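Residue numbers (this note's numbering): 552 to 644.
Heads up, the beta-carbon is just placed ideally off N, CA and C, and yes, glycines get one too.
It should be emphasised that the depicted structure is a prediction, and the values quoted were computed from it without experimental measurement.
Read the structure below first, then the notes.
Structure (structure tokens):
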């Protein structure tokens, strides 16, 4: 024997299903927003790390530039000193 369902019962089931679908959509939307926020946070962290790395590289190049200038001055000074000494020896002898 079959059971019959009234329109009122069908409407009640339909309302319950619609409510559950809305709840699911809200949960999914919240989950997507959370994921988006986490992704944005990760991108910001990564961007900060890249900027820091870039700054470190710039600092290293600046240090190397100073070292190169100081080394060049030292080598040129030593070369001039040695040449002056050799010229003095040649002139005095």
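Limits of the alpha helix (DSSP H) - the one that residue i falls within
i: residue 617; result: 558-643
Contact with chain B by residue i, beta-carbon distance below 8 Å
i: residue 616; result: The structure shown has no chain B; it contains just one protein chain.
Close beta carbons around residue i, own chain, < 8 Å, minus the five adjacent residues each side
i: residue 603; result: none
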